[in-house]
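What follows is a short report on a single structure.
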Amino acid sequence: MSRSTSWRLFLRRTVFVLSSGVALAVLGACGRQAPDARTPAAIPVTVVTLQPASVTLTRELPGRTHPFLVAEVRPQVTGIVQQRLFTEGGRVKAGQGLYQIDDATYRADLARAKASLARAEATLKSAHLTATRSQELAKIDAVSQQDEENAIAALRQAEADVEVAKAAVRSAEILVGYGRIDSPISGRIGRSSVTAGALVTANQTVPLATVQQLDPIYVDVTQSSAELLALRKALDTGRLESTENLPVTILLEDGERYAHDGKLAFSEVTVDPSTGSFALRVVVPNPDHVLLPGMYVRAIIGHGVRQNALLVPQRAVARDPRGNTTAMVVGEDNTVQVRSVQVSRAIADQWLVEGGLLAGDRVIVAGLQKVQAGALVQATEMEMPEDTPRALNAGGSRIDPTIVAAAPRR
């Protein structure tokens, strides 16, 4: 064999060995990668673990403010107004003078009544002496029995005349007192309907002014009778525990929370047949007179306490193509389950769960678009804020849970 032929055989063997080594390396690498390709990677999601808690359920109701006390000031005697004694729109105290009416005529009547009283008292004194003398003379038969009885009768009549005269004096004093019109209550007084020099009459229909006590102030709210029946049923069945003397939160017209909480005073005993609702009255402190009569407000009133309630974030709840309310739950094997859930009301940014979820369930709140039923996930617990409603008293929203829009999966 020539030298060139041997060299070619050597090269062929070398290429074959190298090719075999590369092929084996490639096959080995493929063999190592095959198991990873068959095992899908876990998808990261954020979950909330549901924990039962006591939640105070409330209802937000519309209402109007009304003064705590209202006094329409009217004259009780007829006369000319001499002076107005207050500043319109200012604060007045009970017993403070508001108007002075010319009382000259009534003072003259008082003087006449006092004179009549003095005359009656003088007559009484004379009758008393006559009766005493007649009784002494009757003992010695110096006067007849008839004369004695007449003297005693005259004494009794004189005593009655004195009482009548005293009553006339008292009546005249009252009329003189009515000449000064005082405020019956403390509060804010409105504008005056008369000025000095005006003639006013006793018990006229038009008030001279109106005084309103605004601290505290009433807030009258309305609630449907259907809600009342549902509330009573929940209390009777034990689903709710009664809450008494809970503070009532007031929201102003601009949605801002009022600085002072109120207290439920009473509820109406009849239902308005035209509206199907009944009235609730709340007493609210109003030291700065921020609330004025006639203002529109909203009152958040506690209905009861739900023990072992479950709250789920609203963003975790959506609707499927059939309109069913659903939530995604991470099972013990870290796979996704789609649950049909029932919710009843919105509490802050959460729903009150009525069915479909249990305590300890891990509900997905972030990463919803990346997963579907059966997907393997890596769950991370979401940190809940300290003021999360599940640990606090929660207020009921006006949102109807039957019209929950499908939340976007994210």
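Taking the numbering used here, the leading residue of the sequence shown gets 796, the next gets one more, and so forth. The C-beta atom is built at its ideal place from N, Cα and C for all residues, glycine as well. Predicted model only: the values in this text are computed from it and were never measured.
- Taking 7 Å as the cut-off, the Cβ atoms of Leu1009 and His1084 count as close.
- Annotation: Ala1168 to Ser849 spans about 32 Å, alpha carbon to alpha carbon.
- Annotation: Arg1140 to Thr882 spans about 51 Å, alpha carbon to alpha carbon.
- Ala1161 and Arg1117 have their C-alpha atoms spaced approximately 23 Å apart.
- The Cβ atoms of Arg983 and Gly892 lie no closer than 7 Å to each other.
- Taken atom to atom, the span from the alpha-carbon of Ala1094 to that of Pro1002 is near 33 Å.
- Scanning the region 911–987 from its first residue to its last, the whole alpha helix (DSSP H) runs of 4-plus residues come out as 940–973.
- The region 852–872 and the region 1097–1113 touch, with three or more beta-carbon pairs separated by less than 8 Å.
- With a contact defined as Cβ atoms closer than 8 Å, Thr1175 and Pro839 qualify at about 7 Å.
- The Cβ-Cβ distance between Val1124 and Val1078 does not fall below 7 Å.
- Between Val872 and Ala997, the beta carbon gap of about 5 Å places them in contact (Cβ cut-off 8 Å).
- Nearest Cα to Thr1005 within the set Asp1156, Gly885, Val959: Gly885.
- Cα atoms of Trp1146 and Asp1015: separation of roughly 29 Å, rounded to the nearest angstrom.
- A straight line joining the alpha-carbon of Tyr1053 with that of Ala837 spans about 49 Å.
- Glu1149 carries a strand assignment under DSSP once its states are collapsed to helix, strand and coil.
- About 11 Å separates the beta carbon of Asp898 from that of Ala967, a gap too long to meet the 8 Å contact definition.
- C-alpha of Glu1048 to C-alpha of Met1090: approximately 8 Å in a straight line.
- If you draw a straight line from the Cα of Asp956 to the Cα of Gly992, it is about 39 Å long.
- The C-alpha of Asn1103 is placed about 11 Å away from the C-alpha of Leu1153.
- One Cα belongs to Lys961, the other to Asn1081, and the distance between them is close to 47 Å.
- In the structure shown, Tyr1053 falls within a coil segment according to DSSP collapsed to helix, strand and coil.
- In this structure, the alpha-carbon of Arg879 lies about 5 Å from that of Tyr894.
- Excluding sequence positions up to five before and after Ala926, its CB lies within less than 6 Å of the CB of Ala946, Ile947, Leu950, all in the same chain and listed in chain order.
- Cβ neighbours of Lys1058 within its own chain (closer than 6 Å, five residues either side excluded): Val1078.
- Cβ-Cβ distances below 6 Å link Ile1012 to Thr860, Phe863, Val1079, Asn1081, Leu1086 in the same chain, with the five nearest sequence neighbours on each side left out; the list follows chain order.
- Glu1178 and Gly1155 have their C-alpha atoms some 15 Å from each other.
- A Cβ-Cβ separation of about 17 Å leaves Leu845 out of contact with Leu1163 under the 8 Å criterion.
- Cβ neighbours of Asp942 within its own chain (closer than 7 Å, five residues either side excluded): Ser929.
- Measuring C-alpha to C-alpha distances from Asp1128 to each of Lys1165, Val1172, Glu1149 identifies Val1172 as the nearest.
- Under the DSSP definition of a beta bridge, Thr1005 partners with Glu867.
- In this structure Val1138 is not in contact with Thr1121, their Cβ atoms being roughly 11 Å apart against a cut-off of 8 Å.
- For Glu1149 and Ser978, the gap between their C-alpha atoms comes out near 56 Å.
- Proximity to Lys888 across Gln1007, Leu1024, Ala1021 peaks at Gln1007, based on C-alpha coordinates.
- Burial state of Ser1062 is exposed, judged by a 10 Å Cβ sphere holding fewer than 16 other Cβ atoms.
- Arg869 and Gln999 have their alpha carbons spaced roughly 7 Å apart.
- By DSSP's assignment, Phe1061 forms a beta bridge with Arg1076.
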